[in-house]
């Protein structure tokens with residue numbers, strides 16, 4: 010992949026994120042840890058930086074996940 014192609018892909022990703030488009034998070038099938046991770050990811054995707062979790066909030070949530 011050449012440099013121009015990489016830059017074009019990065020610009021497209023940036024544009025899609027600015028539009029609020031995100032990848033779909035797969036179904037958690039009721040797994041509580043995966044549900045927590047999914048909500049944390051979505052919380053971090055907020056268009057408004059003030060609505061995103063702080064590092065302290067992230068570490069607090071991650072500490073409750075049994076697989077960490």
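Numbering (my numbering), first residue to last: 10 to 77. Where is the CB? At the ideal position from N, CA and C, for every residue including glycine.
Rounded to the nearest whole angstrom, the C-alpha separation of residue 26 and residue 46 is 20 Å.
For residue 49, the enclosing alpha helix (DSSP H) has its first and last residue at 41-53. Here the region 12-21 makes no contact with the region 32-44; the two share fewer than three CB pairs at distances below 8 Å. If you ignore the 5 residues before and after residue 53, its C-beta comes within less than 7 Å of the C-beta of 61, 62, all in its own chain and listed in chain order.
Relative to residue 28, the option among 57, 48, 70 whose CA is nearest is 57. Your pair residue 74 and residue 42 checks out as a contact, with CB atoms roughly 5 Å apart and the cut at 8 Å.
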